[in-house]
Amino acid sequence: SKKTMDKIVALCKNRGFVYPGSEIYGGLANTWDYGPLGVALKNNIKNAWLKKFVQQNKYNVGLDSAILMNPQTWVASGHLGGFSDPLMDCKECKTRHRADNLIEDFDGTNVAGWTNEEMMNYIKEKEIPCPNCGKHNFTDIRQFNLMFKTFQGVTEDSKNEIYLRPETAQGIFVNFSNIQRTSRKKVPFGVAQIGKSFRNEITPGNFIFRVREFEQMELEFFCKPGTDLEWFEYWRGFCRDWLYSLNIKEENLRLRDHAKEELCFYSKATTDFEYLFPFGWGELWGVADRTDYDLTQHSKTSGKTLEYFDPTTNEKYIPYVIEPSLGVERLFLALVVEAYDEEVIDEKDTRVVLRLHPTLAPYKACVLPLSKKLNEQAGKVYEQLSADFMTDYDDAGSIGKRYRRQDEIGTPFCITYDFESVDDGCVTVRDRDTMQQERVAIDKLNDYIAEKIKF
Ligand code: ATP
Numbered sequence: 004s005k006k007t008m009d010k011i012v013a014l015c016k017n018r019g020f021v022y023p024g025s026e027i028y029g030g031l032a033n034t035w036d037y038g039p040l041g042v043a044l045k046n047n048i049k050n051a052w053l054k055k056f057v058q059q060n061k062y063n064v065g066l067d068s069a070i071l072m073n074p075q076t077w078v079a080s081g082h083l084g085g086f087s088d089p090l091m092d093c094k095e096c097k098t099r100h101r102a103d104n105l106i107e108d109f110d111g112t113n114v115a116g117w118t119n120e121e122m123m124n125y126i127k128e129k130e131i132p133c134p135n136c137g138k139h140n141f142t143d144i145r146q147f148n149l150m151f152k153t154f155q156g157v158t159e160d161s162k163n164e165i166y167l168r169p170e171t172a173q174g175i176f177v178n179f180s181n182i183q184r185t186s187r188k189k190v191p192f193g194v195a196q197i198g199k200s201f202r203n204e205i206t207p208g209n210f211i212f213r214v215r216e217f218e219q220m221e222l223e224f225f226c227k228p229g230t231d232l233e234w235f236e237y238w239r240g241f242c243r244d245w246l247y248s249l250n251i252k253e254e255n256l257r258l259r260d261h262a263k264e265e266l267c268f269y270s271k272a273t274t275d276f277e278y279l280f281p282f283g284w285g286e287l288w289g290v291a292d293r294t295d296y297d298l299t300q301h302s303k304t305s306g307k308t309l310e311y312f313d314p315t316t317n318e319k320y321i322p323y324v325i326e327p328s329l330g331v332e333r334l335f336l337a338l339v340v341e342a343y344d345e346e347v348i349d350e351k352d353t354r355v356v357l358r359l360h361p362t363l364a365p366y367k368a369c370v371l372p373l374s375k376k377l378n379e380q381a382g383k384v385y386e387q388l389s390a391d392f393m394t395d396y397d398d399a400g401s402i403g404k405r406y407r408r409q410d411e412i413g414t415p416f417c418i419t420y421d422f423e424s425v426d427d428g429c430v431t432v433r434d435r436d437t438m439q440q441e442r443v444a445i446d447k448l449n450d451y452i453a454e455k456i457k458f
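In the UniProt record's numbering, the protein residues as written are 4 to 458.
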């Protein structure tokens, strides 16, 4: 395939989307910094999500809760104690593996719900080899907590231990009553949040696919028990259609419904949205019916009931929750992979073009003066456009080369200011995808672009 990870990573690095973290110090493994174009793409992704999930959705409201939370939160959620990976070391080659992955990769056995002992026995019985050295000589399973621990205040003792949140969802659950009361929302309603999460992953990798510091876009949608499966279907479809509307192709997306045996004990239904990355299918988005598990747990642990009182029926209940949880970086990667194209123009000429949805493109337009002599007038066009859109300006090299540079970063429109523009007040607009050119009046240019990038 022409879309290899090497090409995607190189383009991201060379054009200022994503740099290796702390590079001048030799890096810090699996950390990434988002450059000028990367931060723009990330913000556009988040804005596209907020627009459809909050702004245009009558049910949902926003939240920005703290990364640092009272540790009782993690007792209630099951992250302290649970949320850990069953790890085994190979005694021969000293590599570390997850027992569940060893089994699943070996013969496809689904180990959901198995105890550590059951997994260890199975690995012994089948003499499952180490994927690295091929020998069969493992340590026992040790649980490893994925949460990053730190200390609040000056004393580093256990009283002051706190954690970086491993998901944003718990900030929503603990604020359920605050939000419901102050927003005067009635069930069903949802709370949407974007923010950083941290997991001390054992096997990070595949560029920005699995990292230890990442951003999540999570919706917790609260509904009446009994209506949950309908709402689950609703959000499952809504999320899928949102991806399609951002130009994710149907053949590269699959919705994998969990079988009964695979479901978490508290979940009634779960669908993994998987995307076909260059390294294979990988989870992009998890949509789950989490029942009343989270609110019940927090009610028990905190002693504050998170019941909802329905004023129309006078019923009291703990709402069920539907959770679509999406990683910003994973979607970033999927969108860049999806958009990446090498278009053969003729035998000697191929162009790299990032066919991003215009609403996602870092720059909506780039202004190109045909000659440096036109910089002053073209500069005015740049100012006019940048009042409304992220706009680039490039006066270096041939027009053809400048077009190609913009194609590579996904800019939907190149605006050429030429000598005629001085007289007729028009510019040439070149479309990234079709390479068609059109003459447009400068005073209509902002409206022209606004119309084309609508989302
Ligand atoms: P995985 O099985 O890939 O570890 P998960 O099932 O643990 O993922 P969830 O806990 O459901 O993931 O998290 C919801 C979403 O958050 C994922 O679908 C993914 O988009 C994102 N996400 C989770 N872990 C990471 C990570 N380490 N790096 C980047 N994104 C992540």
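Yeah, the Cβ is synthetic: ideal placement off N, Cα and C, and Gly gets one too. It should be emphasised that the depicted structure is a prediction, and the values quoted were computed from it without experimental measurement.
Using a Cβ-based criterion (distance less than 7 angstroms to any ligand heavy atom), does residue i qualify as near the ligand ATP?
i    : result
E204 : yes
G41  : no
F217 : yes
E332 : yes
R213 : yes
W288 : yes
S328 : yes
E159 : no
E170 : yes
I need the straight-line Cα distance from residue i to residue j, nearest angstrom please.
i    : j    : result
R293 : Y420 : 56 angstroms
L256 : T153 : 38 angstroms
C429 : E386 : 16 angstroms
S424 : S374 : 12 angstroms
K263 : Y366 : 45 angstroms
E286 : N33  : 18 angstroms
A291 : V64  : 19 angstroms
S180 : L309 : 6 angstroms
L334 : S68  : 22 angstroms
L149 : K189 : 36 angstroms
K457 : T362 : 7 angstroms
Restricting to Cα atoms, I'd like to know which of the options is closest to residue i.
i    : options                : result
D244 : K271, F276, C226       : F276
R435 : G428, Y451, R407, V425 : R407
G427 : I445, V356, F416, E441 : A quick correction: the sequence has Asp, not Gly, at residue 427. Minimum Cα distance to D427 is reached at I445.
R101 : T7, A195, F141         : F141
G413 : I251, C369, C226       : C369
W117 : G24, T362, L266, G240  : L266
R213 : F224, M220, F201, E223 : F201
H360 : N250, S401, G400, P314 : N250
S389 : Y125, L448, K162, P89  : L448
V78  : Y28, V157, R168        : R168
F217 : K94, F225, E223, G208  : G208
D110 : A272, P134, H301       : P134
D9   : V340, I70, I348        : V340
G403 : K376, T353, M393, E236 : T353
Y22  : T206, F176, F210       : F210
E221 : N17, L329, Q155, F151  : L329
A51  : V331, A381, I348, F422 : V331
By a C-beta neighbour count over all protein chains shown, 10 Å radius and 16 as the cutoff for buried, is residue i buried or exposed?
i           : result
G283        : exposed
A43         : buried
S80         : buried
residue 477 : Given a span of 4 to 458 for the chain in the structure shown, any question on residue 477 remains unanswerable.
N73         : exposed
P228        : exposed
F312        : exposed
V432        : buried
N47         : buried
E326        : buried
What first and last residue would you give for the beta strand (DSSP E) that runs through residue i?
i    : result
N63  : 63-66
E326 : 323-330
S270 : No beta strand (DSSP E) contains S270, which DSSP labels as neither H nor E.
R202 : Taken as a continuous stretch (DSSP letters only), R202 belongs to no beta strand (DSSP E), as it is neither H nor E.
V384 : From DSSP, V384 is part of no beta strand (DSSP E) but of the alpha helix (DSSP H) over 378-389.
V356 : 352-357
P23  : 21-23
G283 : 283-292
M150 : No beta strand (DSSP E) holds M150; DSSP gives it neither H nor E.
Along the chain, where does the alpha helix (DSSP H) that runs through residue i open and close?
i    : result
F176 : 172-177
Y296 : 296-305
A364 : Unbroken run through A364: none, as it is neither H nor E.
A102 : 102-110
A51  : 39-53
V78  : 75-80
E26  : Segment: none, E26 is in no alpha helix (DSSP H) and carries neither H nor E.
F422 : 422-427
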